[in-house]
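Working notes, structure below.
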Amino acid sequence: MSYNTFGHMFRVTTFGESHGAAIGCVVDGCPPRIPLSAADIQRDLDRRRPGQSRFTTQRQEPDAVKILSGLFVDEASGQEVTTGTPIALVIENVDQRPKDYSAIKDLYRPGHAGYTYDVKYGLHDYRGGGRASARETAARVAAGAIARKIVSGMVVRGALVQMGEILIDRKRWDWEEVSRNPFFCPDAEAAMRFEEYLEGVRKKGSSVGAVIEVVAEHVPPGLGAPVYGKLDADLASALMGINAVKGVEIGAGFGAARLTGEENADEMRMGKDRKPVFLSNQAGGILGGISTGQPIVARFAVKPTSSILTPRRTVDRFGRETEVSTKGRHDPCVGIRAVPIGEAMVACVVADHYLRHRGQAGEPVAWPFPPRAK
Ligand SMILES: Cc1cc2nc3c(=O)[nH]c(=O)nc-3n(C[C@H](O)[C@H](O)[C@H](O)COP(=O)(O)O)c2cc1C
Numbered sequence: 000m001s002y003n004t005f006g007h008m009f010r011v012t013t014f015g016e017s018h019g020a021a022i023g024c025v026v027d028g029c030p031p032r033i034p035l036s037a038a039d040i041q042r043d044l045d046r047r048r049p050g051q052s053r054f055t056t057q058r059q060e061p062d063a064v065k066i067l068s069g070l071f072v073d074e075a076s077g078q079e080v081t082t083g084t085p086i087a088l089v090i091e092n093v094d095q096r097p098k099d100y101s102a103i104k105d106l107y108r109p110g111h112a113g114y115t116y117d118v119k120y121g122l123h124d125y126r127g128g129g130r131a132s133a134r135e136t137a138a139r140v141a142a143g144a145i146a147r148k149i150v151s152g153m154v155v156r157g158a159l160v161q162m163g164e165i166l167i168d169r170k171r172w173d174w175e176e177v178s179r180n181p182f183f184c185p186d187a188e189a190a191m192r193f194e195e196y197l198e199g200v201r202k203k204g205s206s207v208g209a210v211i212e213v214v215a216e217h218v219p220p221g222l223g224a225p226v227y228g229k230l231d232a233d234l235a236s237a238l239m240g241i242n243a244v245k246g247v248e249i250g251a252g253f254g255a256a257r258l259t260g261e262e263n264a265d266e267m268r269m270g271k272d273r274k275p276v277f278l279s280n281q282a283g284g285i286l287g288g289i290s291t292g293q294p295i296v297a298r299f300a301v302k303p304t305s306s307i308l309t310p311r312r313t314v315d316r317f318g319r320e321t322e323v324s325t326k327g328r329h330d331p332c333v334g335i336r337a338v339p340i341g342e343a344m345v346a347c348v349v350a351d352h353y354l355r356h357r358g359q360a361g362e363p364v365a366w367p368f369p370p371r372a373k
């Protein structure tokens with residue numbers, strides 16, 4: 000039994016842990032002849048990379064990707080393209096510091112996975128959390144960069160929309176802003192508030208949670224399969240599988256419980272191009288587990304980093320009560336670097352469903368259907 004693989008036709012298997020030699024993945028099922036280079040993957044990895052501001056861990060990992068297989072230079076174009084065979088890629092770990100963790104070698108960090116891994120496997124890789132470390136998510140981001148290329152025209156973007164009690168003002172949402180501040184925040188004013196707030200949190204050696212929104216645009220309608228392959232169910236599973244994620248919403252999400260049927264109805268009209276236009280998007284682009292063609296909107300909540308300086312009560316591996324305070328290098332808000340990870344997981348799930356849909360249903364049906372004669 001092994002659970003290091005996700006996806007059906009676009010299949011990703013990741014390997015590696017925080018303090019091992021390297022992390023990486025094998026992506027199987029990528030169609031052939033798609034232009035792909037290490038630079039395409041590096042671009043996304045650089046957005047997730049640690050040590051880029053004082054608001055993320057100071058672990059210095061260049062996260063340089065090396066593609067080992069699955070590419071070939073196409074003679075006609077001179078470009079590197081996918082061959083349809085497994086794409087294996089590796090990212091070396093270069094800045095491990097196991098000594099940072101020696102003081103907590105036998106202790107469980109409340110909120111971290113040490114206790115459950117130990118109970119399950121009888122081993123405690125205290126060095127940065129081992130496989131439970133979010134180092135592994137670099138491999139997901141790399142896979143996501145490949146996934147983005149499969150669905151032609153698809154754009155997947157993410158943004159941090161809440162940090163602790165501070166919410167962005169959605170009226171000020173500007174996608175351009177996301178790359179201008181260290182928080183992936185689409186609201187310039189909220190980003191300034193985040194900065195001041197997180198500086199205080201960081202100086203105290205504490206941490207805080209966050210909410211991330213991911214929007215996938217230009218996703219074709221018809222992706223997702225009832226009833227056990229629903230697109231929203233698979234997105235929820237993929238996002239929930241990111242470290243520290245404690246909640247996922249699609250569209251209006253939990254807010255839908257407060258709406259009336261009228262408010263929640265995404266009314267329809269015909270657009271000029273003979274495609275339907277939805278007048279709102281409470282559904283988050285998915286109905287009956289199938290994409291509508293509207294933007295797919297998913298949000299996920301990330302808990303505060305469990306590694307904090309403030310002493311917390313815990314027990315050790317030998318059943319003794321004690322206290323733990325975690326020194327070393329940690330993100331005061333892991334939600335920040337979770338933004339590109341969320342984008343990658345959404346891209347992987349949509350790409351997988353795109354290939355699954357093509358496999359089962361082939362060419363799209365000619366919609367709308369001609370009216371029946373009376
Ligand atoms: C980008 C990112 C970075 C993380 N860095 C840390 C960290 O430095 N220290 C820590 O205690 N947890 C960190 N985490 C969270 C842990 O990996 C996670 O909480 C832990 O494995 C327990 O799993 P769970 O929270 O999903 O139940 C990080 C999570 C993400 C998404």
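Residue numbers (numbering that gives the first Met the number 0): 0 to 373.
Every residue, glycine too, gets a C-beta built ideally from N, C-alpha and C.
Query, Result
"Check whether the Cβ of K302 lies closer than 7 Å to any heavy atom of ligand 1, and answer yes or no.", "yes"
"Got a sec, what are the start and stop residues for the alpha helix (DSSP H) K119 sits in?", "G113 to Y120"
"Can you look up A131 in the DSSP assignment and give me helix, strand or coil?", "helix"
"F193 lies in the alpha helix (DSSP H); which residues open and close that run?", "A187 to K202"
"Do V333 and T304 come within 8 Å of each other at the CB atom, strictly closer than that value?", "yes"
"Ignoring anything shorter than 3 residues or poking outside the stretch 243–272, list the beta strand (DSSP E) runs there in chain order.", "244–249 and 267–269"
"Which residues in the same chain as I149 place their Cβ atom closer than 8 Å to its Cβ, once the five residues preceding and following it in sequence are excluded?", "F9, C29, P30, I33, A350, Y353 and L354"
"Should A374 be listed as close to ligand 1, given that the test is whether its C-beta is under 7 Å from any heavy atom?", "This structure leaves residue 374 out entirely; the chain is present only between 0 and 373."
"How many Å lie between F71 and A87 at the Cα?", "13 Å"
"Would you say H111 touches ligand 1, meaning its beta carbon is less than 7 Å from a heavy atom?", "yes"
"Would you kindly report the start and end of the unbroken alpha helix (DSSP H) that includes R46?", "A37 to R47"
"Could you tell me whether any non-hydrogen atom of ligand 1 is closer than 7 Å to the CB of R357?", "no"
"Just to check, is the beta-carbon of R273 closer than 7 Å to a non-hydrogen atom of ligand 1?", "no"
"Closest to G341 by CA distance: which of V314, F368 and M239 is it?", "M239"
"Can you check which of these residues, L278, I241 and E60, is closest to E261 by C-alpha distance?", "L278"
"Does the Cβ of G128 lie closer than 7 Å to at least one heavy atom of ligand 3?", "With respect to small molecules bound, the structure shown includes ligand 1 and not ligand 3."
"For D43 versus V155, is the C-beta spacing smaller than 8 Å?", "no"
"Which residue's Cα is closest to the Cα of F14: I40, Y125, R328 and E91?", "E91"
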